Amino acid sequence: MSVDISAMMLAIFLPLFGAIAAFLLPRAAALIGLVALALTTGAVIWLAREVWQSGAVILPLGGWGAPLGIDLRADGLSVAMLALTSAVGLLVSVSALDALKGAGQSRQRQYFWPLWLLLLTGINGVYLSTDIFNLYVMIEVIALAAVGLTVLSGTRAAVQAGLEYMYASILGALLFLMGVGFVYLQLGRLDFAGLMDAEPTGALIAAVALMFVGLALKTALFPLHFWLPAAHANATAPASALLSGLVVKAALYIVLRLAQYMPFPSEALLTLVGMMGAGAVIWGGIQALRAERLKLLVAWSTVAQIGLIFVAFARAGELGLTESWKAAALLILAHGVAKAAMFLAAGRIKDEIGHDVIRDLDRSPIRPTLAQFTFALAAISLIGLPPSLGFIGKWALMEGAMASGYWHWVVVTMVGTLMSVAYFSRVFAGFLRFDRVRAPVGEHQGWALADAAPLTLAFAAIGLGLMAAPILSFLEIGYPFGVAP
Amino acid sequence: MTLVPFLSAVGLPLVLAAALIWPQTRALVWRMMPFAPLPALALALLAEVPLNAQAGWLILGLTLGLDEVSRLFVIFTGLLWCAAGTTARHWMRHDPRATSFGVMFAMAQAGNLGLLLAQDALSFYAFFALMSFASYGLVLHSRDPQAQGAARLYIGFVVLGELALFAGLALAAAQAGSFLLADLRGAVPSDMAVALLILGFGVKLGVMPLHFWLPPAHGAAPVPASAVLSGAMIKAGLFGMMAVLPLGSLAYGDHGTMLMAAGMVTIFAALLLGVQQGNPKAVLGFSSVSQMGIVALGLGAGLLVPEAWALIMPVMVFLAAHHGLAKGALFLGTGAFAAQGGAPGRVAVTFALLVPAFVLAGLPASSGALGKEALKTALAAGSAVWLPWLVVVLTLSGVATTLLMARYVALIWRSPPKAPEQTTPEAILLPFLALGAASVSLPLTWPLLARSLAIPVSEAAPGALWPVLLGVVVGVGVAVHAHAQRIGPAVFLSHLTAPFRAVGARAEAVMAARRRSVRRLAYAIPKTLGETAERWRLGQTAIALLIAVILAVELGATLRADTAIPAVQQIDPDLLDDLKLIPEF
Amino acid sequence: MTPDLIYGLTGIAVFGIGLVGALCVQERLRRVLALKLCSVGAGFVLVVGAWREPPEMPDPVPHALVITGIVVMVSATAVALALIRRLQTLEATDER
Amino acid sequence: MTDPLVIFDLLLALSIVALAVASLSVRDLFAMIVLFIVFGLLSALAWVRLSAPDVALAEAAIGTGVTGALLLKTLHHLRFVAGGQGLRAGSGGTSMAPAAPVPVPVPVGVILANAAFCGLITLGLAVAFLGAPSAGPGFDALVADAMPDSGVAHPVTGVLLNFRAYDTLMEVVVLLAAVVAVWQIERGLSDAPAPVMGEVWQGFARLALPAIVVIGTYLLWVGAEAPGGAFQGGAVLAAVGLLLLLTRAYVPRPAHRGIARGAFVLGTAAFALVALLVASGGRVAFEYPLEHAKTLILLIEGMVTLSIAVTLAALFHGREPVALPKGGRDDT
Amino acid sequence: MMDAPLLPLFILLTSLLASPVLFALPERAARLRTAINLGMAALKVMLVAWLSLKVAQGVIYDLRFEVLPGLEFKLQADPLAILFIALSAVLWLITTVYSVGYLEHGPHRARFFGFFSLCVAATVGIAMSGNLFTFLLFYELLTLATYPLVIHCGNAEALRAGRTYLIYTLAGGLVLLLGTLGLWVLAGTTDFVPGGVLTDAAAQNPLAAQLLFVVLIGALGVKAALFPLHAWLPIAMVAPAPVSALLHAVAVVKAGAFGIMRVVYEVFGIETAQALGMTAPLAALAGVTIIYGSLKAITQDDIKKRLAYSTVSQVSYITLGVALASPIAAVGALAHLIHQGLMKITMFMAAGNLAEGLGVKKVSQMDGVGRAMPGTMLAFSLAALGMIGLPPLAGFVSKWYLAQGGLEAGQGWVIALLLGSSLLNAVYFLPMLHRAWFRDGAADAGAPARPRIGWMLAAPPVTTAVLVLVAGGFANAPFSPLEWTRFIVDIEYLE
């Protein structure tokens, strides 16, 4: 019996089997995890090839097809997100090998891998799904695994943050579920295609409101970001990297997809979204400026960056989302790569120095040069300096905003950029100041394998900017948002 | 190939200056110092005029050349530099700052000779500036407070002059459309340009009211430097005007009048100021100022009445040579006087000094008298209105000069200038005597050198004795009373900068205070906001608010009208097929 | 007045009550409970949507979805409660 | 003349709402949980009224039963840790609050605002609900068409295990994730002793256990044709586990961890493997060959039921059984 | 001769690739590092020479790579680029020698030289950018590469300065991004084309074009230290001497000035810019900066601060020359780009030597330093006199052309401005020279022990001073900067 398995199934099932295996065999968890990730990456590459050659791919599970059954669909956007996930995931996993090697971390080692692989299952599932109830289940998978990862370190702060995260997650998912209920009430079906032609009625509007707020809560859009900084700042480094780099993107992606298929919200709502984004950019920036700890700063920067993505999203203007989604997608990719690199680097710095109090970074005689360098590179992308991918995303954002005459979004972007310069330069100052150290400074301390992964990610964040053209053309495969070339 | 002599004329001093930097070559350079102007002298004496050479690759295209006028200038200038160089070599032998002096001396020399040879505005300006700025080091050489004051004053004026000159040259060149001095002379420069040029050269010339720098500088510089400063360098001002201004072709009435007026005032005002000086060399400086007043008179007349210039011009050259040699001799004589150990030597030198002094004052048949007489004759061709005044002034200038000379002679005895401790008095005496001799013999040698240009001089009347006598009498009388006067170069810089500093400090203080308060505020507000939001759990409220708002906005929107925009404007048919792929069952 | 109307409004009311609880309550346990109320409310809406006037059979799909939702919710509740217990232990140890 | 059923519906609805409010507002936590359980049962009843017996069963067993048990266990833990004196489980009625650090009070204004907004939302949702088509479009026809090919007779089971099996698989994954997370979160040795039931309970347990097992298995089996199925069956079987744990008839030991893990993943693994392996010969994943559909579904259901039962019991127990330090209490 | 279309890329890579290698070298591998540094610098000079030869022969280099649809990464080597590349290549070599000497025993050398190389790569990239987008790319790279250099000392003061620098320049970069986007939206291209690309757009929408001009110049003005955006420059002088030298002479301020040239000449086109009425205000702004910088310089006692303010003043000559919209002034501006670089680098290196050798950091301590360090001070003096504008030094040539250009453009006030500026230059430089040469300082009061500074410190300023002399003295010789600028101006003004 020859088994005929599609790459899409593999992208979801390989991590699932990996998780099962890693849970069953805790001692070999790391090895299993790495293998599973490598295989998943392979599956994603296979899928990407398929999509590249023949456009969007659809898999009707069980042969029923939507709306009764569930379809999996892969187009350029979803494959790009899958690729981001598996690439970042693979590198984070590599660095997790090192980050979790401590003697007191056997428990973390044991549980990190199954949880992470389950998380990956959920994330991949989200990117391939075309059914809103299925999305609900997927975000629950993500939520539980993510909470597990958040509290991996077991400290009181982490557990407290994890609990807040859990509440927010559940509430977000329930809002989403309620929205699903309203969609069903109105349309009697739950697949994307069914949503597409729908007239905006009261029930659908209620659904949009509930689902959007639920997702905004999950993706921590200001002012619903309250749970994020503590959760991301208190998790262990690889977990933070995954949470910040990948997990919030899943909810963002759903927002993008819904915007694609749901009745388009009115201009007023779009402006509201943009204003929330702007608020995130500014408030996140301010808080990052005030943050006392490195990881907290990075977490606040996530809040700001997510706001920026929503600004990109909101600047749609009269053209609809046909153009603006690209900027958002580019920014999502950029942020995913760069933020993962940054959290890993921050974790390395914390490990090497022993703390991550920004004010006292310059008192340490140990300077993990490579990690600091990585941090700086990631910051370049997050600030949006050329030629990084973040820059290209920002370029697309501002270009679109200018073209449609929305100068206020341009101003917001610029303010956000300046603030990010300001708060990251606080950190650089800590790296590069030497006159507060009594002992001789060991510059080159901290070469480790663990630096390789974040460094790779950081370089990717910068270098991908030069690849923006192919990335964009790949994103357009399957014409998400319906633009014929 | 004509370039080589020109370049060597300018280059030798420069090479010497450069070579002085290396200790190994210093002794040799000092030995060479007297001979530095020799290439220039040789060029001037031997070459056929007019002679031109191009060096297009140098600066902005260098044109060097020699004509009748500049040749004469080169000759007496070179002579002066020779003499001064000889003196300097001995004067500076044990000076701790000899090297710096030497460098400056040689560079000034290069500049001086170079500007005489320059035929285009740029190189002229370049050499002019080189000379001026290098001289700063000469003035400042002794480093005592007096010298510093003098030097500060000097450099201030030099900068002023250079700026005016640059501006004038730039304007003139733009108006002429060429950099060549000959073209500049032939063009029609604007009033502004001429004024700037007169200003620029006037500073060098020391015409009142631009003379302030000159006496202190001459007083402060070491003897050999003073000699060239006064003898050679200030003539550059004259030369410059002759070379650049369209004298003889265009009339600039206002400028001419101004210049003449300034000249007249200068001649006598310098007397009044000069006799109050306590430093013999400063007195000599004022004498130079006074003499340059005469020159200014001539130039002014030339500007006023172009037709007269042809007559005035040779006299100007003669006067320049006369004054250069005589004043050079006097300065070197001062040095020689100071170098004498005992009274007999001093008396002897004093007598020797009287010779150039009287030449300067205009003893009949001396070059001074001949010059003045020739000038009177030449001026006769000029403005009739001014003529009587000019004659009187020129005649009386003899009195003034005599008085100054008297004051000078008195002063070298009262407060002799300082000389280096170990010198060879003979060696210093020699150049002085040589220059004195040259000065005395000028009326004889001039026709040989200047050929056709010497005609006005050789035809001039020998002049009268009485002004000189009068001067001597008055001078003796006046010499009884002496005034010490300090110059107050004061605090040029600090006065200039004080207000800026004060304003800047104030502004910075205000800015700093404001910045601090803003920073405090910027820190406090988000902190309070953030904490309140956390305490009140506003994030939770936001969830509810947001849903409510969206519901209100959207439901309101649908109630009003169907304003919603479709998600996908142009839907690709393929896409629809993709999405609606429903298996048949 | 059909059951779907009555229970639909009931479900929405329960959801609203749960939402108030989720947003206002600070006791940890009660917050979990409030969230559970929300989920029941959502379940009501789906079940009501599936309801058809008897004797017609109801739509089975939403039923399946609600069952899934219930299981998912119990999982989430279990995790949240585990977190609460753990946090309590940590706080108690810290205080001692 | 009002239909008595409508009156019943109205009363039921009112009491459901009232119970919801009461459970949130009652001061004592134990009372809160009890009220919640009643609320859950009434909701299940309402769902029966809406001809959704499967859902009602699931809600009663899982949504109310298991959740209630979890809440009670947690409450006990909180009280024990707070009091530090080993309060008996179920000794409710004391107004002692859990030992959570006293939260900073939120201004009443903010609370009121929250409530007001929620009220608005409820209102808006109600309006939307009323505006939606009653008994609108659904999957009815599609399901009816597809039922013959599903391999089962009961539509809900068909949906769960065939049409939308992917959702169900992921739901099992959620359970798996939950148990992994719970094991990860609750670590080490708890200070709270497990609630020890009295003799009466042990006797009850001895009687009840076989009955529950039978009921559970029946529910599983009947699921293919009538209301019931894996989740309900699993929940009922989980009750067995709960009782075993409560009566200490079974005490988890570290050595059992491997088996437990295996049991947790069994359902997921089997389900996923089947789903993948059927994809051959032109079939896609989850497309069971018609002739084996019922067998496969039953196989999956069985495995999943077992997993669910063990998982739910483990979620109740909460901690990974770990080796005791020497001299420690038997504490699992 | 072999034809290498990738030549510009190679030139870029000589320093770009050197950078990671230098980062990776362990701190103690000093010899190897020096070898790589010097080798690459020398190689670059050679390649640049080759490139200039080819460009002079009319070979066109144009490398493209699409980043976003329609948006290209583009390197080109036109004469204007060559001018700037040549400057940076030569001065890089010299400054590298100097830095090696300067940092002989300092910490963090690997980092320093890594960023140093990166900085040069960015400068070269800026020079060769074929469109504003590429320019922006390298412009930001330059900011980032210089930041660690500015704060190299790692003390509180340096970090404060670094922060100011970063905020200023990144804000400038951001505004430049805005401008680039604006250009992209307005003109549909960001290419540099002699004669400009905005002629049509400006005719249709003059207001937008004017706004764009203001935005672009404002952005570039930050790096070019145009008043009132200059504040970072004097603060940034806390950097080590070679960095200051490079910052002031080649890299940062010149990048700004060069950008202004590109924008005025090749984005707007001089005629369009004039037609928009934007050149006169720019010239006025440049004038204000010139005077303001000089006035501030007078009041500084710190040598490097004084030099820094002098830079503020001097760099605006370039802007002025561009804004005058006259070919002759353009020659002056371009020549000043080179000449100011030579002079200022000399002065900064000399100032570094004073600080290293004698510990002299303030003007008031300069008494008698000329005797103590004659070579260094001679170089300094030459450069200072050049700054004042004395012939035949380099500064004179550019000022001369600027003045002539001002007249040609009918802007007589330029003469007054130049004179005033020269006067002020004299006011703040001559006292330094005076102190150095004509005052007996503490330095030789005791035993006149000559400070020991290695040849690597002593030679570079002298070399550049000689270049100052040569650039002025042989201004008319073929391949002199002045000649090359005439070549460029022909291109820019003939289009």
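Residue numbers (our numbering), protein chains in the order written: chain D, 14 to 498; chain X, 3 to 587; chain S, 12 to 107; chain F, 169 to 500; chain V, -11 to 483.
By construction, the Cβ of each residue, glycine as well, lies at the ideal position given by its N, Cα and C atoms.
As the structure is a computational prediction, the values presented were derived from the model and not from experiment.
- Under the three-state reduction of DSSP, K293 of chain V is assigned to helix.
- Not one beta carbon of chain X lies nearer than 8 angstroms to the beta carbon of Q328 of chain V.
- Under the DSSP assignment, E396 of chain V falls in the alpha helix (DSSP H) whose first and last residues are 382 to 396.
- Contact of M275 of chain D with chain F is not assigned, every C-beta pair being separated by 8 angstroms or more.
- The straight-line gap separating the alpha-carbon atoms of L411 of chain F and F297 of chain F is approximately 42 angstroms.
- Among the CB atoms of chain V, none fall inside 8 angstroms of the CB of R73 of chain X.
- Using beta-carbon distances, V294 of chain D does not count as an interface residue toward chain V, since no partner is under 8 angstroms.
- Contact note: R427 of chain V reaches chain X through R145, using a C-beta cutoff of 7 angstroms and chain order.
- Contact annotation for G201 of chain D against chain F: P301, G304, P305, G306, F307, D308 [CB-CB distance below 9 angstroms, chain order].
- The C-beta separation of A481 of chain D from V55 of chain V comes to about 5 angstroms, placing the pair in contact by the 8 angstroms criterion.
- A residue is called buried when at least 16 other Cβ atoms come within 10 angstroms of its Cβ; K374 of chain X meets this threshold and is buried.
- For the pair of segments examined, the region 148 to 167 of chain D was found to touch the region 177 to 188 of chain D: the number of CB pairs separated by less than 8 angstroms reaches three.
- Closer than 8 angstroms to the CB of I490 of chain D there is not a single CB belonging to chain V.
- Taking CB atoms only, L20 of chain S has a neighbour in chain F less than 8 angstroms away.
- Chain X has no Cβ within less than 8 angstroms of the Cβ of L241 of chain D.
- A Cβ-Cβ distance of about 12 angstroms is found for the pair A227 of chain X and A85 of chain X, leaving them out of contact under the 8 angstroms criterion.
- Taking the CA atoms as reference points, F101 of chain V sits about 6 angstroms from L10 of chain V.
- As DSSP reads the structure, F61 of chain V sits in a beta bridge with V:F53.
- The contact set of W77 of chain D on chain F, defined by CB atoms closer than 7 angstroms, consists of A314, F331 in chain order.
- Three or more beta-carbon pairs separated by less than 8 angstroms are not found between the region 362 to 376 of chain D and the region 338 to 350 of chain D, which leaves the two stretches without contact.
- M151 of chain D is outside the set of residues whose beta carbon lies under 8 angstroms from a beta carbon in chain S.
- Exclusion of the five residues before and after A108 of chain X leaves P15, L18, A19 as the residues of its chain whose Cβ lies within less than 6 angstroms of its Cβ.
- In the three-state scheme derived from DSSP, where H, G and I count as helix and E and B as strand, S302 of chain F is classed as coil.
- The three-state reading of DSSP puts R439 of chain D in helix, counting H, G and I together.
- In the DSSP assignment, L485 of chain D falls within the alpha helix (DSSP H) that extends over 481 to 488.
- Three or more Cβ pairs closer than 8 angstroms define a contact, and the region 44 to 56 of chain S meets that threshold against the region 71 to 90 of chain S.
- Beta-bridge pairing by DSSP links P73 of chain D to D:D84.
- Less than 8 angstroms divides the Cβ of L421 of chain V from the Cβ of S369 of chain V.
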